[in-house]
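Q: Residue numbers (the working numbering): 15 to 472.
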Ligand code: ADP
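Printed below as a string of structure tokens:
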């Protein structure tokens, strides 16, 4: 069920990533395509405009009669073709003659890119020069800018300018066309690149989106598994005392007669299980409040030396019952102050000392030290107990994790003590770590930021 949900979510995420990226890529492709078309067109039009303008300004001052050819035409465009026959058939081959014989307008003939037409006022072509002129549409129009297509489908951009005689009568028109073949070829190449490149990049984007979605899902997957583990552990822990209470009640109910002592023993047993249950629920609630950052902390400046010696006093009886030596070195000459919630710090130190006592065999030692280091208060709870294997050390701060569940449970441990200690330390912007070797002992080290100065308080 969980795998299905995660795969579905991963698919969805990957599809959205891919869609968004494909849209962005598509848009970029379109913009590049449009920008390139515009840049080419602008450069072609500028070139055409300059050729047309130059021809126009060289020829126009020499015109005398409308529609009449002057010597300047041949001077400027040596291969100009005047007759109808020539216009229809020979202009192209004529234009193919040696380019270097075309004077200053060799560009007109070069690479068969240009054609020039002279049209009289009745829109009849008088003279032509250049490439493929015979394949252009026979209807002549005189719009300044036109795009024409010849019989083979090649496109031309054409500029027309009116020519005037010296006495300012309309002579006719000069029309200069430039082949767009080069542009069309480039655009075709660009279109092909986009047509093949886009699907390939979308495929790559899809694959990387799938990988990215997997990466994004990993912490969610991890926390989901942790949550599931937590729920199952919590249910298990709650079920144990509940089952014990249930069993006790069932046994008593099965009895025909219950003596006062038996009744008291039963109630004591139920109370013990009940206490275990409520302490477990309280711990769970506390952790959940830390998780949601809703745990109210009553921060005040507290003297760690005093607090630790109070806790030591509380645990002294427990330690001596367990035949352990509980000692401390607190350096009273230099009291250490922290800004903290007293109850929480009390709980933190108690958990560590309780564990040290719990996991240290008789005749062992438990020592608590307090010192300063780089602006931090350092509390160390050291024991000569059973120790923790290296592989387990990273997990002991996890909720409900126990190295030896039987031993821990029999001594009343719920597996939440160190998780709570860690939550308290983190809520106080400190750190907790452990150094331990099996059968040698453990050293839990807590670091908490020291409050600026004690004097400021007074
Ligand atoms: P518990 O209630 O089981 O003690 P904790 O969260 O306090 O739960 O500790 C988690 C586990 O870490 C314990 O079950 C125990 O295996 C190990 N542990 C904690 N403190 C010590 C210690 N001082 N020495 C050896 N093992 C320890």
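A virtual CB, placed ideally from N, CA and C, is assigned to each residue, including glycine.
Keep in mind the model is a prediction, meaning the values are calculated, not measured.
1. Just to confirm, are residue 457 and residue 394 a CB contact at a threshold of 8 Å?
2. For my contact list, residue 54 and residue 206 are in at a C-beta cut-off of 8 Å; report their separation, rounded to the angstrom.
3. Here's a check: name, in chain order, each residue in its chain whose Cβ is nearer than 7 Å to the Cβ of residue 298, leaving out the five neighbours to either side.
4. Going by beta-carbon coordinates alone, are residue 154 and residue 96 separated by less than 8 Å?
5. Enumerate in chain order the residues of its own chain whose CB-to-CB distance from residue 464 is below 8 Å, with the five nearest sequence positions on each side excluded.
6. Using the Cα positions of residue 365 and residue 346, report the straight-line distance between them to the nearest angstrom.
7. So residue 338 packs on residue 376, CB below 8 Å; how close in whole Å?
8. When you compare only the Cα positions, how much space is there between residue 69 and residue 164?
9. Give me the residue from 77, 409, 234 with the minimum Cα distance to residue 20.
10. Any heavy atom of the ligand ADP closer than 7 Å to the beta-carbon of residue 291?
11. Look at residue 144 and residue 128 and say whether their C-beta atoms are less than 8 Å apart.
12. Can the beta-carbon of residue 400 be found less than 8 Å from the beta-carbon of residue 335?
13. If you drop the 5 nearest sequence neighbours on each side, which residues of the same chain put their C-beta closer than 7 Å to that of residue 76?
14. Roughly how many angstroms separate the alpha carbons of residue 277 and residue 428, rounded to a whole number?
15. Pairing CB atoms from the segment 34-54 with CB atoms from the segment 186-204, are three or more of them under 8 Å?
16. Ignoring anything shorter than 4 residues, give me the alpha helix (DSSP H) runs that lie fully in the segment 332-386, in order along the chain.
17. Please report the straight-line C-alpha distance between residue 273 and residue 460, rounded to a whole angstrom.
18. Should residue 454 be counted as a contact of the ligand ADP given a C-beta to heavy atom distance under 7 Å?
19. Using DSSP's beta-bridge definition, name the partner residues of residue 450.
20. Quick one: what's got a C-beta closer than 7 Å to residue 226's C-beta in the same chain, skipping five residues either side?
21. Identify the residues that DSSP records as bridge partners of residue 138: which are they?
22. Report the rounded CA-to-CA distance for residue 94 versus residue 130, giving the unit in angstroms.
23. Would a C-beta distance cut-off of 8 Å place residue 321 and residue 281 closer than the cut-off?
24. Go through the segment 36-92 residue by residue and report every complete run of the alpha helix (DSSP H) that reaches 4 residues or more, in order.
25. Measure the C-alpha to C-alpha separation of residue 29 and residue 362 and round it to an integer number of angstroms.
26. Any chance the CB of residue 415 is under 7 Å from a heavy atom of the ligand ADP?
27. Going straight from the alpha carbon of residue 293 to that of residue 270, what length do you get?
28. If contact is defined by three or more beta carbon pairs under 8 Å, each pair taking one atom from either stretch, is the segment 250-270 in contact with the segment 309-326?
29. Report whether the distance from the Cβ of residue 333 to the nearest heavy atom of the ligand ADP is below 7 Å.
30. So, are the CB atoms of residue 446 and residue 300 less than 8 Å apart?
31. Quick check: residue 409 and residue 231, are their CB atoms within less than 8 Å of each other?
32. Alpha carbons only, please: which of 36, 358, 185, 326 is nearest the one belonging to residue 442?
33. Between which two residues does the beta strand (DSSP E) harbouring residue 410 extend?
34. Can you name, in chain order, every residue of its own chain whose Cβ lies under 6 Å from the Cβ of residue 73, other than the five neighbours on each side?
35. May I ask you to report which of helix, strand or coil DSSP gives residue 438?
A: Based on what the coordinates show:
1. As a first step, residue 457 must be located in the chain shown, where it is residue number 443. As a first step, residue 394 must be located in the chain shown, where it is residue number 380. Taking 8 Å as the Cβ cut-off, residue 457 and residue 394 qualify as a contacting pair.
2. Counting from 1 along the chain shown, the entry for residue 54 is found at position 40. Counting from 1 along the chain shown, the entry for residue 206 is found at position 192. The pair is not a contact, with the Cβ atoms about 16 Å apart (cut-off 8 Å).
3. The sequence position of residue 298 within the chain shown is 284, counting from 1. Excluding sequence neighbours, residue 298 sits near 248.
4. The residue labelled residue 154 in the question sits at position 140 within the chain shown. The residue labelled residue 96 in the question sits at position 82 within the chain shown. Not closer than 8 Å, so no.
5. Within the chain shown, the letter at position 450 stands for residue 464. For residue 464, where only same-chain residues beyond five positions count, the Cβ hits under 8 Å are 350, 351, 352, 386, 389, 390, 391.
6. Counting from 1 along the chain shown, the entry for residue 365 is found at position 351. Counting from 1 along the chain shown, the entry for residue 346 is found at position 332. Taking the straight line from one Cα to the other gives about 23 Å.
7. As a position in the chain shown, residue 338 is number 324, starting the count at 1. As a position in the chain shown, residue 376 is number 362, starting the count at 1. About 7 Å; that satisfies the 8 Å criterion.
8. Locating residue 69 in the chain shown gives position 55, where the first residue counts as 1. Locating residue 164 in the chain shown gives position 150, where the first residue counts as 1. So the alpha carbons of these two residues sit roughly 23 Å apart.
9. Reading the chain shown from its first residue, position 6 is the one you call residue 20. That would be 234, whose Cα lies nearest to the Cα of residue 20.
10. In the chain shown, the residue the question calls residue 291 occupies position 277. Not so, every heavy atom of the ligand ADP lies at least 7 Å from the Cβ.
11. To locate residue 144, count along the chain shown from 1; it is residue 130. To locate residue 128, count along the chain shown from 1; it is residue 114. Yes, the Cβ-Cβ distance between residue 144 and residue 128 is below 8 Å.
12. To locate residue 400, count along the chain shown from 1; it is residue 386. To locate residue 335, count along the chain shown from 1; it is residue 321. Taking 8 Å as the Cβ cut-off, residue 400 and residue 335 do not qualify as a contacting pair.
13. Translated into positions along the chain shown, residue 76 becomes position 62. Here the set comprises 84, 86.
14. Taking the chain shown and counting its residues from 1, the one referred to as residue 277 is at position 263. Taking the chain shown and counting its residues from 1, the one referred to as residue 428 is at position 414. Cα to Cα, residue 277 sits roughly 28 Å from residue 428.
15. yes
16. 356-372
17. Taking the chain shown and counting its residues from 1, one reaches residue 273 at position 259. Taking the chain shown and counting its residues from 1, one reaches residue 460 at position 446. Each residue's Cα considered, the two are about 51 Å apart.
18. Translated into positions along the chain shown, residue 454 becomes position 440. Because no heavy atom of the ligand ADP lies under 7 Å away, the Cβ of residue 454 does not count as near it: no.
19. Working through the chain shown from its first residue, we reach residue 450 at position 436. Bridge partners of residue 450: 456.
20. Numbered from its first residue, the chain shown carries residue 226 at position 212. 31, listed in sequence order.
21. Looking up residue 138 in the chain shown gives position 124. Looking at the DSSP assignment, residue 138 forms no beta bridge with any residue, so it has no partner.
22. Residue mapping note: residue 94 aligns to position 80 of the chain shown, counting from 1. Residue mapping note: residue 130 aligns to position 116 of the chain shown, counting from 1. Straight-line Cα distance between these residues: approximately 9 Å.
23. Numbered from 1 along the chain shown, position 307 holds the residue referred to as residue 321. Numbered from 1 along the chain shown, position 267 holds the residue referred to as residue 281. No, these two residues do not count as a Cβ contact at 8 Å.
24. 85-90
25. Start at 1 with the first residue of the chain shown, and residue 29 comes out as number 15. Start at 1 with the first residue of the chain shown, and residue 362 comes out as number 348. Between residue 29 and residue 362, the C-alpha separation is close to 48 Å.
26. Position 401 of the chain shown holds residue 415. Yes, the ligand ADP has a heavy atom inside 7 Å of this Cβ.
27. Residue numbering aside, residue 293 sits at position 279 when the chain shown is read from its first letter. Residue numbering aside, residue 270 sits at position 256 when the chain shown is read from its first letter. Roughly 33 Å between the two C-alpha positions.
28. no
29. Taking the chain shown and counting its residues from 1, the one referred to as residue 333 is at position 319. The answer is no for residue 333.
30. The sequence position of residue 446 within the chain shown is 432, counting from 1. The sequence position of residue 300 within the chain shown is 286, counting from 1. For residue 446 and residue 300, no; Cβs fall outside 8 Å.
31. The sequence position of residue 409 within the chain shown is 395, counting from 1. The sequence position of residue 231 within the chain shown is 217, counting from 1. For residue 409 and residue 231, no; Cβs fall outside 8 Å.
32. Locating residue 442 in the chain shown gives position 428, where the first residue counts as 1. When each option's Cα is compared against that of residue 442, the closest is 358.
33. As a working mapping, residue 410 is identified with position 396 in the chain shown. Residue 410 -> no beta strand (DSSP E), and no H or E assigned at all.
34. Taking the chain shown and counting its residues from 1, the one referred to as residue 73 is at position 59. Closer than 6 Å at the Cβ level, and outside the excluded window around residue 73, lie 86.
35. Stepping through the chain shown from its first residue, residue 438 is reached at position 424. In the structure shown, residue 438 sits in a helix (DSSP, three-state: H, G or I).
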